[in-house]
Every structure is written in structure tokens, then in C-alpha cells.
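**Q** Line order of the protein sequences matches chains A and B. Under the working numbering, the residues of the first sequence are numbered 1 to 164, in order. Under the working numbering, the residues of the second sequence are numbered 1 to 572, in order. Heads up, the beta-carbon is just placed ideally off N, CA and C, and yes, glycines get one too. Handing you a structure now.
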Amino acid sequence: MQTHIISLLVENHPGVLTRMSGMFTMRGINITSLTVSPCEKEGLSRMTVAIDGSESELEKVRKQLSNLIEVVKVVDLKEDKAIIRDLCLMRVHVKDLNARSEVMQLAEAYGAKIADATLDSVIIELTEEPKTIDRFVDLMKHFGIKQLFRTGVTAIGIDTGVEK
Amino acid sequence: MTREKLKGAEIVVEELKNEGVEVAFGIPGGVLLDLYDVLYKDDAIRHILMRHEQCAAHAADGYARVLGRPGVCIATSGPGATNLVTGLTNANMDSSPVVALTGQVPTAAIGSNAFQEASTFTITMPITKHNFLVTRTEDLPKVIHNAFYIANTGRKGVVLVDLPKDVLATRADLNLHPKETFTGYKPKIKPNPVQIKKTVEVLANAERPLILAGGGVISANATEELRHLAESLGAPVVTTLMGKGAIPENHPFSLGMAGMHGRIYANRAISECDALLAVGTRFSDRLTGWQLDQFAPEATLIHVDIDAAEINKNLQVDIPLVGDAKLALQEIIKWLEKKKATSPGSVWVQRIREMHSACEECIGDVRREGTSLSDMLIKEISGVLDDDVIVTTEVGQCQMFAAHYYITKKPRTFISSGGLGTMGFGFPAAIGAKVAAPDKRVVDLAGDGSFLMTCQDLATCVENDIPVVVCIFRNCYLGMVRQWQELFFEKRYSNTGLGTIPDFVKLAEAFGCYGERVEKPEELKDALHNAFESGKPAVLDMIVGQEDKVLPMIPPGGSIVGMIGTERCKLI
């Protein structure tokens, strides 16, 4: 069991997201994260899907996705050959001046931004690899996370890029 | 290319005609009034009014399987569309090309729970190869063209087009007969030469080669190539249920159907072979049994399939060969001939001869000890019907008796619900088959339970002069489930007894059909003759034993070598 990241180029049609996610549901595979947006090609969108599963499950999924009529391209992105990013927004409780300065120092160390601040909380924005965000979230739990939002991963292949 | 201002419904019919559609099976409804108005004025397309939408889908499926090109069914929004679902799932599971047109409430009303509204687009997404919800009249030509293109290329399947009322009623000025398709849809058909060479290498050096033919061989019109390869290689052929007809079953190299209810020697050959060339099959559990390590344990497995997603899905294979079965077989034959392969060892040839004749003996001997009335009747039917008759089946015991004992000699003459196992399929599929091939006799081998699920369409047969013959194996049980209850649940016949069965002869007559009862197998020949001679749709009510069983079989959880009920087989 490991996390796989699949990058899909799909026709930007209504229903294509349902069709794609339905394929995973039919085969009993859980999507752990999903992002969709238009891309550089007119009429096409790019989806980044993260799933947990074995290599053989990944292979089956890859072929089933390729079979969908509106899927133009399927790429299995390997962790060491891709830039993988997740965006996290969180509201952290800061009970006093001490906590506030500690939170801000840690945020700085992680390259996070303070997007907003109130008297008893700060909103922190961090774009990083998912694992780094996991570590930062764990740290912030000590202060008290009031709300946490993550976009899920998006990824791009290195070297020549995803598309050739 | 013409430029005219046409109504959406007129565009649909124009595009259907352009795709070569001659027949559609359907039932109209409120949102389809515009479409049916065009069908009324334009008689280029013969519309057959069915009595249930499920039957419309099955009829289109049967039509497609006989002709090898898409069948068309039409249903209205809401209940019309939901009634189609079983039939479409059935066709898609068996890779049968069907295009379904459904009415939908006007685009502005979609999502408002309007009268007869159901979300056909989302309901049918997982049961079709592809589907469309058309929201603009301008999109109709492209959508209809692509529906047929997608249904009938690559691994064939079902495409549904959902047509809102306003899309059909609006006029648009546009170009008809477009050619463009989806950039991501490239039905790969040419097999990879490297894989072909590997295949040839294995086959040429095999001592005990075997060919496993699935429905894909028939779908790709590759039966001639298959027979040629079997003969030149000296390899026997076993088939799946869907592959029945891929080789004449009286051919000396044919060992019949393999699998759970297959012939014992077909399964033995799978266990004994050292190279297995599987063509157009998906290794379903009904073929392999449940212990996959016991399936062809000594063989190098070669898998030819047009759908890459089938490779290594159910069974890990040694040599995958993605491509059209016809092209793949032609290439294999070509390279084998260049290689001047040595024919397999005489031990294997001798073994196949023995197995073939042992099976022939069992199949041919009508009065063999332990033979049930059902066995006798199906053997009788197989003896009486000529090679061109198209046989359809319902699902359950009647289907497995037919698979076992009905000797299929030509492709597209044995039509059965393989993947989904849909009771009630055979009769409406027979309607579709008869419409596709009006000159051929069409017989549905039915169970009483199955026939009662779709028998209302006898009215369709009478009204449209579609004389199919339904032969009912009447045991007053849901026989296959009863058999399992007998064998594996200590005869606790929970809800499988059908109790009071209608008088099928009177039922037939009430619809205006011919009906006759067959109480003994020897009466069957005359009854079939009478049925065909009547020129009417006909129902033969054949009385069989209540405890007749389909044997031998692989018990649940068992392997392909662990068949039970083999006492009736001649064992060698």
C-alpha cells in the first residue's frame, strides 16, 4: 500500500468528474485527494488524483482511466520525478504573546506566510510537499488548530514536463 | 454537407439514417413527441413498438449480435429510461454495440424533479461505454455520430444519448454528418509485432497447445482465422459461453465450452496444455473457477484482447497481446507459416481425439443412463434444428443445458446473456434476432421463470409479424437456484418453487400465438414443425423433470479440475 499520484488530461465537459470518480468507486478504490483546473490547452482540464493502493491496483486503474472516452492522457507521477505541492490554510489559536511569537517563528522556518491575524488567532498559509505540511500541522497542534483546509496535491513532472 | 434549418428531432433522424440505421426498438413518451412525429412522417427507419423498455434494449442487443453492427433502442424520460437500464447493462457486459436514445425533460426543468424526470445521464454512466446529455441542438450531429462510432469500435459497447425535449424541438442551422471525434479515444487495433513474435515462438515450440476462444473472436469476425490457426497448429479449441460459435462444435478440434458448467474435457484440456492462446475473453470467474492457481498451471498464457484493461485484470498472463482479434490471428498465422512450426506431439493429438470422441459419445447418446428429460429435449432440439437457426437463451438451467448440448456450428447463431446473466433476455433478444435476419428461424430456449419476466412482448411479435419460437423448459422452479439449494443447502427450496404456473398454451393463444404442449421428448420434433409451419410466433410448453440438474459442474469455491457430478460423463 502506498500513495500514487495520477495526472490526467481530460476534456472539459460536464460530467467528466463524476465519470472519473465513478470509475474509482466501481473498483472499490478510495481517492485521498483530488484537484481539477483548466490547463494550458483549450478545452482540456488537468486532474491530479492521489490514491492509496498497490502497484497492481495502480496499473488496473491507469488502464481503466485510459479507457474513458473523455480522458486524453494518463500519467503516473513518481515521487522522485515530480514536483508535488499541497496548499494549506489554517487558523491557529494564540493564547498569549509568547504563543504568537513562537507560532510566527515556526511559520517563518517553514516558509509559511501569515495571511491574517486577530487578537487570539493567526491564519497561516503554507504551500509545500504534503509531508512537510503534515509535519507543520503536527507542530501547530500544540498551539491549537481551530480550522484546517488543504487543497490536496497538484503535481508536475520534472525533466521534460508531463506532456511530451 | 448540407445546410438546412432543421428541428432537433429531424437532425437526430437524419444522423441515424446516415449511420445506416434501419430499425429501432422503442416506446414513445411525452418528451419524445417531436422525435416520434419525425419517425411518423419519415418511414426510412422501421420502428418496432415494444411492450416494455427492457425488451427494447434486449431486442436491440439481439439485433446487434446477429448483424455485428449497432442496434438502436428508444425510451422516454424517467421510467422509460430506468426500464432500459437492465437491458443496457446486459449489452455492455457482453460488449454488444447498442445505441440508446432517451428523452429527457426540457433543459430548464432538469434537476427540478419534474414529471417523469430521472437523471438518466448519471444513472447510466457506470453501465455504458459512454453516454451524452445533449444540452444544445447544435451538438446533435456530432453526438449522434460519436455515439455510433464509440459503440461500434474498439471493445464494442453501449452508448446512451439523453435528449431533452427542447433540444429536440428547437431548430438549428448547422452542418450535418460531421466526422470529428474525441482526441482521447483511439481504439487500438494493430497488435504489437514484438508480442506477435513472442506468441509465435511459444506456440511453435508447444507440445500441447490449446486455444481458448471468447466472444471477442465472434465480435471481431475472426472465426475463419481461428479455425485456420487451430488446424495448422494442431491445437484443439475450447470456448467460453460467449465464444460458442467461434468454431463449429462438431469440428474434430472442438472440445466445447469450458468453465463452471463446461464440458469436463474442455476443462481437462486447460489443465493439461502447455501453451494457452486465449483470444477475446476476460477470464471471468465462470470460466476459471475460484482457484486461479489451478487454471492452466502448466501453460504459458497468451492473452489477445482489444481492451488493454482486461490484460492481467482477472488472471496474470505471460504474453499480453493488445489488439483486434482478427488482425492478431492473421499475424500469428503468417509468422507461424514462415517458421514452419513442427506439429504438436502425437501423444497430444491422440489425447485430443480421445477426449473429443468421449464428449461426442456423451452428447450424442440421448438415452444414456442418468439422462434427464431436459437433457433429452435439448439434444432432440439440437438434432432437429439446422445449422442456420439462431438460438437465443434465457438464463439459468435452460441456458446451461443449451450451452452444453446445443451444437453451435456458425458464429452469431448462439445468443445468450453471458456477463450479466439476465433472466428474461432470450425472448426479446430473439425478437431482435428475427428482425435482423427475417429469413432465418429463431428459437428461444427458455425456462418458465425467465419467460414470465418478459412474455408480454408476445404482443409485439404478433403485431409486427415476428414469428419466433419459444421453447419453455417447464419445471415449475427457478431451476438453477433450486439446483444449488439441492446440492449445497440440503434441499431447502427457499422461494424457488413457482407454484401455479400459467397454462402457456392458453397464454400463447390469448396473445394470438401458436401454442403446443410437449409431454415427451419424442413429441418435440412434430411440435417444432407445427410451430414453424403456423407462421405465427409460437410457444412450446415442454414438461421437464423438476429435479433435473445441469451436471457436471464446478462447485462454488472450486477449481477447474474439481468438477462434481461427473458420474454421467465417460471418463478417460
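(1) Of all the CB atoms in chain B, is at least one closer than 8 Å to the CB of A/R67?
(2) So, is B/G20 buried or exposed, given that buried needs 16 or more other C-beta atoms within 10 angstroms?
(3) Taking all protein chains shown into account, do 16 or more other C-beta atoms lie within 10 angstroms of the C-beta of B/F489, making it buried, or fewer, making it exposed?
(4) Confirm, please, whether the CB-CB distance from B/L229 to B/A213 is below 8 Å.
(5) Buried or exposed, going by whether 16 or more other CB atoms sit within 10 Å of the CB of B/S195?
(6) Under 8 Å between the Cβ atoms of B/R65 and B/R351?
(7) Would you verify that the beta carbon of A/K164 is, or is not, closer than 8 Å to some beta carbon of chain B?
(8) Is DSSP giving B/N175 helix, strand or coil here?
(9) Within 8 Å of any Cβ in chain A, is that where the Cβ of B/E19 sits?
(10) Looking at C-alpha atoms only, which residue of B/T181, B/Q104, B/H404, B/I123 is the closest neighbour of B/F115?
(11) Looking at C-beta atoms only, is the number of pairs between the region 121-134 of chain B and the region 34-46 of chain A that lie closer than 8 Å three or more?
(12) When you compare the CB positions of B/S374 and B/F473, do they come within less than 8 Å of one another, or not?
(13) What does the Cβ neighbour count give for B/Y40, buried or exposed, with the cut at 16 atoms within 10 Å?
(14) Determine the DSSP secondary structure at B/A9, reduced to helix, strand or coil.
(15) Can you pull the chain A residues whose beta carbon is under 7 Å from the beta carbon of B/Y185, in chain order?
(16) What does A/R19 reach in chain B if we use C-beta pairs closer than 8 Å?
(17) Would you mind sorting B/E394 into buried or exposed? The rule is 16 or more other CB atoms within 10 Å of its CB.
(18) So what does DSSP say about B/A114, is it helix, strand or coil?
(19) Any chance you could list the beta strand (DSSP E) runs of at least 3 consecutive residues sitting entirely within the region 297-378 of chain B, in chain order?
(20) Check each residue of the region 100-126 of chain B: if its Cβ is closer than 7 Å to any Cβ of chain A, include it; give the result in chain order.
(21) Apply the 10 Å Cβ neighbour rule to A/S92 and answer buried if 16 or more other Cβ atoms are within range, or exposed otherwise.
(22) So is A/M26 buried or exposed if we call it buried at 16+ other beta carbons inside 10 Å?
(23) At 7 Å on the CB atoms, spell out the chain D contacts of A/Q64, in chain order.
(24) Which class does B/Y477 belong to by DSSP, given the choice of helix, strand or coil?
(25) Grab the span of the alpha helix (DSSP H) containing B/R227 for me, first residue to last.
(26) Pick out the complete beta strand (DSSP E) segments inside the region 233-268 of chain B, 3 residues or longer, and give them in chain order.
(27) Taking DSSP as the reference, what is the three-state secondary structure of A/D76?
(28) Contact criterion: CB-CB distance below 8 Å. Does B/H303 meet it with respect to chain A?
(29) Mind checking B/T566: buried by the 16 CB within 10 Å criterion, or exposed?
(30) From the DSSP output, in three-state form, read off B/M423 for me.
(31) Take A/Q2 as the anchor and find which of A/G157, A/D116, A/L58 has the nearest alpha-carbon.
(32) Locate the alpha helix (DSSP H) running through B/E201, then write down its first and last residues.
(33) Mind checking if A/M26 is an interface residue toward chain B, Cβ cutoff 8 Å exclusive?
(34) List, in chain order, every chain B residue whose beta-carbon is nearer than 8 Å to that of A/G15.
(35) With DSSP run on the structure shown, which of helix, strand or coil describes B/G87?
(36) Contact defined as beta carbons within less than 8 Å: I believe A/A115 pairs with A/L89. What is the distance between those atoms, to the nearest angstrom?
**A** Put simply:
(1) Counting from one through the first sequence, the residue named residue 67 of chain A turns up at place 67. Note that residue 67 of chain A corresponds to Asn in the displayed sequence, not to Arg. A/N67 has a beta carbon lying within less than 8 Å of a beta carbon in chain B.
(2) Here the question's residue 20 of chain B lines up with position 20 in the second sequence. Taking a 10 Å sphere around the C-beta of B/G20, we find fewer than 16 other C-beta atoms and assign the residue as exposed.
(3) Taking the second sequence and counting its residues from 1, one reaches residue 489 of chain B at position 489. That one is exposed.
(4) In the second sequence, the residue the question calls residue 213 of chain B occupies position 213. In the second sequence, the residue the question calls residue 229 of chain B occupies position 229. The answer is no: Cβ separation not under 8 Å.
(5) Counted from its first residue, the second sequence places residue 195 of chain B at position 195. Correcting the residue type first, residue 195 of chain B is Gln in the shown sequence and not Ser. It counts as buried.
(6) By 1-based counting over the second sequence, the position of residue 65 of chain B is 65. By 1-based counting over the second sequence, the position of residue 351 of chain B is 351. Taking 8 Å as the Cβ cut-off, B/R65 and B/R351 do not qualify as a contacting pair.
(7) Start at 1 with the first residue of the first sequence, and residue 164 of chain A comes out as number 164. In this predicted model, A/K164 has a pLDDT of only 46, less than 50, meaning its place in the structure is not dependable enough to derive any value.
(8) For the purposes of this step, residue 175 of chain B is taken as the residue at position 175 of the second sequence. Residue state for B/N175 is assigned as strand, using DSSP reduced to three classes.
(9) Indexing the second sequence from 1 puts residue 19 of chain B at position 19. Residue-level contact by beta carbon fails for B/E19 and chain A, as no gap is shorter than 8 Å.
(10) By one-based count along the second sequence, residue 115 of chain B stands at place 115. Answer by Cα proximity: B/Q104.
(11) They do not touch, by the three-pair rule.
(12) Looking up residue 374 of chain B in the second sequence gives position 374. Looking up residue 473 of chain B in the second sequence gives position 473. At the C-beta level, B/S374 and B/F473 come within 8 Å of one another.
(13) As a working note, residue 40 of chain B is residue 40 in the second sequence. The Cβ neighbour count for B/Y40, taken over all protein chains shown within 10 Å, is under 16; the residue is labelled exposed.
(14) Along the second sequence, one-based indexing puts residue 9 of chain B at 9. If DSSP states are grouped into helix, strand and coil, B/A9 belongs with the helices.
(15) As a working note, residue 185 of chain B is residue 185 in the second sequence. The answer, in chain order, is I69.
(16) Residue numbering aside, residue 19 of chain A sits at position 19 when the first sequence is read from its first letter. Those are M125, listed as they occur along chain B.
(17) As a position in the second sequence, residue 394 of chain B is number 394, starting the count at 1. By the neighbour-count rule (16 or more Cβ atoms within 10 Å), B/E394 is buried.
(18) Translated into positions along the second sequence, residue 114 of chain B becomes position 114. Residue state, collapsed to three classes: coil.
(19) The region 297-378 of chain B contains these whole beta strand (DSSP E) runs: 300-305, 319-322.
(20) Against chain A - using a Cβ distance shorter than 7 Å - the residues of the region 100-126 of chain B are F121, T122, M125, P126.
(21) Within the first sequence, numbered from 1, the residue matching residue 92 of chain A stands at position 92. Here residue 92 of chain A is Val; the residue named in the question, Ser, does not match the sequence. With 16 or more other Cβ atoms within 10 Å, it is buried.
(22) In the first sequence, residue 26 of chain A corresponds to position 26, counting from 1. Exposed, by the Cβ-count rule.
(23) Protein chains in the displayed structure are A and B, and chain D is not among them.
(24) Position 477 of the second sequence, counted from the first residue, corresponds to residue 477 of chain B. The answer is strand: DSSP assigns B/Y477 an E or B state.
(25) Locating residue 227 of chain B in the second sequence gives position 227, where the first residue counts as 1. Looking at the DSSP string, the run of the alpha helix (DSSP H) that includes B/R227 is 223-233.
(26) Taking only runs of at least 3 residues, the beta strand (DSSP E) segments lying wholly in the region 233-268 of chain B are 237-239, 254-257.
(27) Here the question's residue 76 of chain A lines up with position 76 in the first sequence. Strand at A/D76.
(28) Locating residue 303 of chain B in the second sequence gives position 303, where the first residue counts as 1. No, B/H303 does not count as interfacial toward chain A.
(29) Along the second sequence, one-based indexing puts residue 566 of chain B at 566. B/T566 is exposed by the Cβ-count criterion.
(30) Working through the second sequence from its first residue, we reach residue 423 of chain B at position 423. Three-state result, B/M423: coil.
(31) By one-based count along the first sequence, residue 2 of chain A stands at place 2. Minimum Cα distance to A/Q2 is reached at A/L58.
(32) One-based indexing of the second sequence puts residue 201 of chain B at position 201. DSSP places B/E201 inside the alpha helix (DSSP H), whose first and last residues are 193-205.
(33) The residue labelled residue 26 of chain A in the question sits at position 26 within the first sequence. Using a Cβ-Cβ cut-off of 8 Å, A/M26 counts as an interface residue toward chain B, since at least one Cβ of chain B sits closer than that to its own.
(34) Locating residue 15 of chain A in the first sequence gives position 15, where the first residue counts as 1. At a beta-carbon threshold of 8 Å, the residues of chain B lying near A/G15 are F121, T122, M125, L133, ordered along the chain.
(35) Locating residue 87 of chain B in the second sequence gives position 87, where the first residue counts as 1. Three-state DSSP puts B/G87 in a helix.
(36) Counted from its first residue, the first sequence places residue 115 of chain A at position 115. Counted from its first residue, the first sequence places residue 89 of chain A at position 89. That pair is a contact at about 7 Å.
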